[in-house]
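Under our numbering, the residue at position 41 of the sequence shown is numbered 42, and the numbers go up by one with no gaps.
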Amino acid sequence: MWFLDNLTQPAATVLASLGIIVAAIITFAIGLLSRRQLDRHHKATHTLADTQALRGRFTTITAQLADPAPAIRTAAVSALEALADDWLDRDKPRETQACINVLCDYLRTPYETSTRNPHLRKETRRTHRTKYDYTDTTHEYPYDDLDTRHAITRTIAAHLQPHHDHSWSSFDYDLTGAYLHNLNLDFAVFSGKTTSFEDATFSGERTSFFGATSTGKYTSFSGAAFSSKRTNFENVTFNGEYTWFSKATFSGKSANFEWTRFRSSEYTSFSGATFRSEYTTFDRATFSGDYTSFTESTFDGEIISFDEATFSSRLGTTFRHATFSATKTSFENPRVWIKVEMDWDRLPGSVAGPLPTQPASVHPHEWPPVPKPLTG
2 MWFLDNLTQP AATVLASLGI IVAAIITFAI GLLSRRQLDR HHKATHTLAD TQALRGRFTT
62 ITAQLADPAP AIRTAAVSAL EALADDWLDR DKPRETQACI NVLCDYLRTP YETSTRNPHL
122 RKETRRTHRT KYDYTDTTHE YPYDDLDTRH AITRTIAAHL QPHHDHSWSS FDYDLTGAYL
182 HNLNLDFAVF SGKTTSFEDA TFSGERTSFF GATSTGKYTS FSGAAFSSKR TNFENVTFNG
242 EYTWFSKATF SGKSANFEWT RFRSSEYTSF SGATFRSEYT TFDRATFSGD YTSFTESTFD
302 GEIISFDEAT FSSRLGTTFR HATFSATKTS FENPRVWIKV EMDWDRLPGS VAGPLPTQPA
362 SVHPHEWPPV PKPLTG
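(1) I need the DSSP call for A45, collapsed to helix, strand or coil.
(2) Please identify the residue among T275, A249 and S313 whose C-alpha is closest to the C-alpha of A286.
(3) Can you check whether the CB of T358 is closer than 8 Å to the CB of W345?
(4) Take R385 as the anchor and find which of A189, F258 and G253 has the nearest alpha-carbon.
(5) Which residues in the same chain as L108 place their Cβ atom closer than 8 Å to its Cβ, once the five residues preceding and following it in sequence are excluded?
(6) Given that a residue counts as buried once 16 or more other Cβ atoms are within 10 Å of its Cβ, and exposed if not, what is V237?
(7) Between which two residues does the beta strand (DSSP E) holding N233 run?
(8) So for S272, helix, strand or coil by DSSP?
(9) Measure the Cβ-Cβ separation of S192 and S209 and say whether it is below 8 Å.
(10) For W3, count neighbouring Cβ atoms within 10 angstroms of its own Cβ and tell me buried if that reaches 16, exposed if not.
(11) Kindly indicate which residue of G317, L89 and W245 has the alpha-carbon position closest to the one of I339.
(12) Mind checking which residues open and close the alpha helix (DSSP H) that includes L220?
(13) Hey, F385 and F251: beta-carbon distance below 8 Å or not?
(14) By Cβ distance below 6 Å, which residues in the same chain neighbour S270 in space, the five residues on each side in sequence not counted?
(15) Buried or exposed for T328, please, with buried defined as at least 16 other CB atoms from any protein chain shown within 10 angstroms of its CB.
(16) In chain order, what residues of the same chain lie with their CB nearer than 8 Å to the CB of P374, ignoring the 5 residues before and after it?
(17) Would a C-beta distance cut-off of 8 Å place N183 and G205 closer than the cut-off?
(18) Looking only at its own chain, which residues have a Cβ that is under 7 Å from the Cβ of L356, when we skip the five neighbours before and after it?
(19) Applying the 10 Å Cβ sphere with the 16-neighbour rule, what's the burial state of V371?
(20) If you follow the alpha helix (DSSP H) that A70 is part of, which residue opens it and which one closes it?
(21) Comparing C-alpha positions only, which one of F325, A256 and H164 sits nearest to F234?
(22) Between which two residues does the beta strand (DSSP E) harbouring A159 extend?
(23) Could you pull out every residue in the same chain whose Cβ sits closer than 6 Å to the Cβ of L104, ignoring the five residues on either side in sequence?
(24) Who are the near neighbours of S306 in its chain, counting only those whose CB is closer than 6 Å to its CB and skipping five residues on each side?
(25) Between E303 and F320, which are expected to be in contact by the criterion C-beta below 8 Å, what is the C-beta distance as a whole number of angstroms?
(26) Leaving out the 5 sequence neighbours to the left and right, which residues in its chain are closer than 8 Å to F172 when beta-carbon positions are compared?
(27) Assuming S326 and F300 make a contact with CB atoms under 8 Å, what is their CB distance in whole Å?
Right under this line is the structure:
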């Protein structure tokens with residue numbers, strides 16, 4: 002049977018070799034799994050430490066924003082900008098939103114003009130009635146923070162520009178009640194769900210949103226006070242669902258909405274708004290979407306112009322109960338004039354009877370205006 006032993010020897014060798022190979026594969030797999038687990042552990046530990054470090058920076062920076070020294074507050078703005086971008090690089094949008102919220106919250110704090118050394122917060126004055134009879138009065142002066150506010154608005158404006166490496170356009174902005182001085186948001190892009198300037202105060206020489214775009218669901222300037230010498234919304238596009246300027250007030254020398262496109266799919270509202278600027282223009286503006294309302298608005302000042310505007314809202318544009326007290330309000334040569342309602346217009350199906358008289362200051366006197374679309 003010697004030949005059987007010879008036959009089994011190669012088989013035994015093969016089996017032994019296979020066993021060694023399998024053992025090696027198992028050892029390699031176990032080692033690889035262990036290394037991966039170790040790598041994940043190190044990565045998780047590093048990520049946790051990194052997150053804790055970033056949040057530690059957040060705590061430090063927010064405290065610096067309350068520092069009495071203007072230079073420290075301004076430096077804190079730059080530090081918070083860098084932190085927001087670091088969170089973006091780590092794909093942590095909620096943390097970036099938190100940084101933006103802090104900047105917006107600062108702008109929402111009441112603004113008072115400082116009349117003393119910005120480092121002097123309190124001053125005690127003693128009033129004597131007699132030598133030993135006196136009263137101490139302590140007055141606390143506000144921080145001089147206009148430079149800090151400017152730094153914040155410049156930072157936000159820079160990150161809202163198209164194609165910025167660290168774009169903040171997709172985030173929400175709650176600037177309700179904010180004090181905004183010489184705000185420049187030219188060409189800014191807002192694409193977050195909500196952008197709110199409700200009850201904000203716009204002051205200074207110039208407020209400008211020239212060429213800006215808003216595509217978020219809600220954009221609101223309701224109750225805002227535009228008191229800058231010049232307010233500019235020229236060539237702005239509102240493409241979201243709702244755009245509100247309800248009860249906003251425009252004063253100063255001029256308010257410019259020339260070439261502005263109000264395309265909100267649901268509603269554009271200037272209801273209860275007051276236009277007191279010397280010159281207000283909506284020339285060549287477009288009002289489309291579902292519905293546009295100027296109900297109970299007040300048109301004051303010298304000149305109000307809607308010349309060559311397009312009124313094409315699907316459900317109409319209403320000026321019902323509006324007050325036309327400006328020296329001249331003009332609707333000359335509209336490009337499109339569809340379903341525009343004034344108090345002196347008779348609605349289809351309405352009961353016959355006297356109607357209010359068209360004010361002499363409203364042009365053209367031959368009403369309604371005749372559309373004159375652009376040619377060529």
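Where a beta carbon is used, it is the ideal one built from N, C-alpha and C, also for glycine.
In this text the structure is predicted, and so the values were computed from the model without any measurement.
On the basis of the supplied data:
(1) Looking up residue 45 in the sequence shown gives position 44. Only weak support exists for where A45 lies, its pLDDT of 49 falling under 50; the value from the coordinates is given anyway. Correct three-state label for A45: helix.
(2) Against the sequence shown, residue 286 aligns to sequence position 285. Among T275, A249 and S313, the Cα nearest to that of A286 is on S313.
(3) By one-based count along the sequence shown, residue 345 stands at place 344. By one-based count along the sequence shown, residue 358 stands at place 357. Yes; because the gap between Cβ atoms is below 8 Å, this pair is in contact.
(4) Residue numbering for the chain in the displayed model covers 2 to 377; residue 385 lies beyond these limits and cannot be assessed.
(5) Taking the first residue of the sequence shown as position 1, residue 108 is located at position 107. Answer for L108: R150, I153, T154, L176, A179, Y180 and L181, listed in chain order.
(6) Locating residue 237 in the sequence shown gives position 236, counting from the first residue. Buried, by the Cβ-count rule.
(7) Counting from 1 along the sequence shown, the entry for residue 233 is found at position 232. R231 to N233 is the span of the beta strand (DSSP E), which, as asked, contains N233.
(8) Taking the sequence shown and counting its residues from 1, one reaches residue 272 at position 271. Three-state result, S272: coil.
(9) To locate residue 192, count along the sequence shown from 1; it is residue 191. To locate residue 209, count along the sequence shown from 1; it is residue 208. Not in contact: S192 and S209 (Cβ atoms no closer than 8 Å).
(10) Looking up residue 3 in the sequence shown gives position 2. Summary for W3: the model assigns pLDDT 47, below 50, so the residue's position carries little reliability, and this model does not support an answer.
(11) For the purposes of this step, residue 339 is taken as the residue at position 338 of the sequence shown. Taking only the C-alpha atoms, the option nearest I339 is G317.
(12) As a first step, residue 220 must be located in the sequence shown, where it is residue number 219. For the record, residue 220 in the displayed sequence is Thr; it is not Leu. T220 -> not in any alpha helix (DSSP H); beta strand (DSSP E) instead, spanning Y219 to S221.
(13) The structure shown has nothing for residue 385, since the chain only spans 2 to 377.
(14) The residue given as residue 270 occupies position 269 in the sequence shown. Excluding positions up to five away in sequence, the list reads W245, S247 and S294.
(15) For the purposes of this step, residue 328 is taken as residue 327 along the sequence shown, with counting starting at 1. Answer is exposed; the Cβ neighbour count stays below 16.
(16) Start at 1 with the first residue of the sequence shown, and residue 374 comes out as number 373. Result list for P374: R336 and V337, in chain order.
(17) Residue numbering aside, residue 183 sits at position 182 when the sequence shown is read from its first letter. Residue numbering aside, residue 205 sits at position 204 when the sequence shown is read from its first letter. Yes.
(18) One-based indexing of the sequence shown puts residue 356 at position 355. Excluding residues within five positions, the ones whose Cβ falls inside 7 Å are W345 and R347.
(19) Indexing the sequence shown from 1 puts residue 371 at position 370. With fewer than 16 other Cβ atoms within 10 Å, it is exposed.
(20) Numbered from its first residue, the sequence shown carries residue 70 at position 69. Counting along the chain, A70 falls outside any alpha helix (DSSP H), and DSSP gives it neither H nor E.
(21) Taking the first residue of the sequence shown as 1, we reach residue 234 at position 233. Ranking the options by Cα distance to F234, first place goes to A256.
(22) In the sequence shown, residue 159 corresponds to position 158, counting from 1. Per DSSP, A159 belongs to no beta strand (DSSP E); it is in the alpha helix (DSSP H), L147 to H160.
(23) Within the sequence shown, numbered from 1, the residue matching residue 104 stands at position 103. Same-chain partners within the cutoff: I153.
(24) Within the sequence shown, residue 306 is the residue found at index 305, counting from 1. The residues are T282, D284 and S331.
(25) Mapped onto the sequence shown, residue 303 falls at position 302. Mapped onto the sequence shown, residue 320 falls at position 319. Not quite, the Cβ-Cβ distance comes to about 19 Å (not below 8 Å), so this is no contact.
(26) Locating residue 172 in the sequence shown gives position 171, counting from the first residue. Only P94, T97, Q98, I101 and G193 meet the Cβ criterion.
(27) Numbered from 1 along the sequence shown, position 325 holds the residue referred to as residue 326. Numbered from 1 along the sequence shown, position 299 holds the residue referred to as residue 300. Indeed they touch by this definition, with Cβ atoms about 7 Å apart.
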